[in-house]
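**Q** Just remember that our numbering sits 779 ahead of the position in the sequence shown, which is counted from 1.
Take this structure, written in structure tokens, and hold onto it; I'll ask about it next.
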Amino acid sequence: MEAQGRWYPALVEALDRVKQQGSSIKGVFQLATYDHPSSTPRVRSHILRSFVTPYSHPSLPLLISTTDIRTPKVTQVSPNANGVEVVFWTEPTLEQFRISGRVYFVPSPSYAGTYPHIPSPGYSILFDALRQQNFDWEQTRLSTFNHLNGHMRASWCRPVPGTPMKGGYDDALEWPESLPALGEAKDEEEEKNVEEALKNFALVVIEPFEVDFVELGTKPEKRTVYRREPQETEFTETIVVP
């Protein structure tokens, strides 16, 4: 029986509390990367879409988010330098989860750019376990796309994020406001827009290796650091000063 880091069930419970208090978004986190060409740290907010855990290791989650594969963050990480840090702050529980790990992207199969792929067999026990159960990353990408609301799906049909809008904010008036799920397009133009959005849509997959879990709603306050290696199934636990 593998040891389960207390941070994972605590994070699930904390995010449920956020949702119960009326938030329309269950989990928002900050994702930090490092832009090597300019030697500049970068950070942006992301939405947690789901957790993925292998049947054989249910206490080892992968964090799943989404992005436009054309965004700068994709070029800020490379197959050889794909370390990132994630921070959740959950106000209802007064808890902070600072998660360090490796990030991978799952874009459209037609995407030919450079990005950190899902790791090869033998590198990560989590991904190896998912292979053994025939986990389908492309099907997960498609189902995640379908579960988003129409406005969010349409956001992947815009021009390249970060490029200048020569006509100012009025340029956005010509972009699709909402797109249907796959197979539900009403006409040829809508179908073309859905195809374009899906082409740009990618999963962000984060594998945690270190979690700094701070509990400020307890007396005394607590801080615990959990660590594991890619081929380990247990997190070590170290109690540290908050």
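Every residue gets a Cβ at the ideal spot worked out from N, C-alpha and C, and that includes glycine.
Using alpha carbons as the reference points, say which of I1018, G892, Y813, E1008 lies closest to V993.
**A** The candidate whose alpha carbon is nearest that of V993 is I1018.
**Q** Using only the heavy atoms of the ligand NAP, determine whether one of them is closer than 7 Å to the beta carbon of D949.
**A** Of the ligands one can find in the structure shown there are none, so the ligand NAP has no counterpart to examine.
**Q** Do the segment 956-965 and the segment 993-1005 meet, that is, are 3 or more Cβ pairs less than 8 Å apart?
**A** Output reads no: the segment 993-1005 does not touch the segment 956-965.
**Q** Just to confirm, is the Cβ distance from V983 to H825 under 8 Å?
**A** Yes, the pair counts as a contact, with Cβ atoms nearer than the cut-off.
**Q** Once you ignore the five residues that flank C936 on each side, which residues in its own chain have a CB closer than 6 Å to its CB?
**A** The answer, listed in chain order, is P955, N972, E975, A976.
**Q** Suppose only complete runs of 3+ residues qualify. What are the beta strand (DSSP E) ranges in the segment 991-1019, listed by chain order?
**A** List check, beta strand (DSSP E) in window: 1001-1006, 1015-1018.
**Q** Spatial neighbours of R1006 within its chain, please: C-beta separation below 6 Å, excluding the five flanking residues on both sides.
**A** Excluding positions up to five away in sequence, the list reads E989, T1015.
**Q** Counting pairs of beta carbons, one from the segment 886-900 and one from the segment 848-864, are three or more of them closer than 8 Å?
**A** Yes, the segment 886-900 is in contact with the segment 848-864.
**Q** The alpha helix (DSSP H) that contains A860, what's its start and end?
**A** Segment: none, A860 is in no alpha helix (DSSP H) and carries neither H nor E.
**Q** According to DSSP, what are the bridge partners of P987?
**A** Note: P987 sits in a beta bridge opposite G880.
**Q** I need the straight-line Cα distance from E874 to A793, nearest angstrom please.
**A** One C-alpha to the other measures close to 8 Å.
**Q** Assuming P840 and Y787 make a contact with CB atoms under 8 Å, what is their CB distance in whole Å?
**A** At roughly 6 Å, the Cβ-Cβ gap stays under 8 Å, so P840 and Y787 are in contact.
**Q** Name the one or two DSSP bridge partners that L915 has.
**A** Note on residue identity: the sequence assigns Asp, not Leu, to residue 915. DSSP output for D915 lists no bridge partner at all.
**Q** Would you mind working out which of Y834, R823, L790, Y813 sits nearest Q912, comparing C-alpha positions?
**A** Measuring from the Cα of Q912, the nearest candidate turns out to be Y834.
**Q** Just the Cα atoms here: how many angstroms apart are L909 and Q1010?
**A** Between L909 and Q1010, the C-alpha separation is close to 14 Å.
**Q** Compute the Euclidean distance between the alpha carbons of E781 and E1008, then round it to the nearest angstrom.
**A** At E781, the pLDDT of 44 sits below 50, so the modelled position is not reliable and the matter cannot be decided from this model.
**Q** Determine the extent of the alpha helix (DSSP H) in which Y813 is found, giving its start and end residues.
**A** Counting along the chain, Y813 falls outside any alpha helix (DSSP H), though it belongs to the beta strand (DSSP E) covering 807-814.
**Q** Just curious, the beta strand (DSSP E) that L790 is in, first and last residue?
**A** No beta strand (DSSP E) contains L790, which is instead part of the alpha helix (DSSP H) from 786-799.
**Q** Look at the Cβ atom of R877, then the Cβ atom of N861, and state whether they are nearer than 8 Å.
**A** No, they are not a contact pair.
**Q** Going by CA-CA distance only, name the one from L927, E1013, V853, L905 that's closest to P895.
**A** The shortest C-alpha separation from P895 is found at V853.
**Q** Tell me the DSSP secondary structure of S903 in three-state form.
**A** Note: S903 maps to coil in three-state DSSP.
**Q** Of the residues P1021, Q855, T919, which one's Cα is nearest the Cα of S817?
**A** Looking at the Cα atoms, Q855 is the closest of the given residues.
**Q** Write down the C-beta distance between V865 and Q809 rounded to the nearest angstrom, noting that I regard them as a contact closer than 8 Å.
**A** Confirmed, about 7 Å.
**Q** DSSP three-state label for L982, please.
**A** Residue state, collapsed to three classes: strand.
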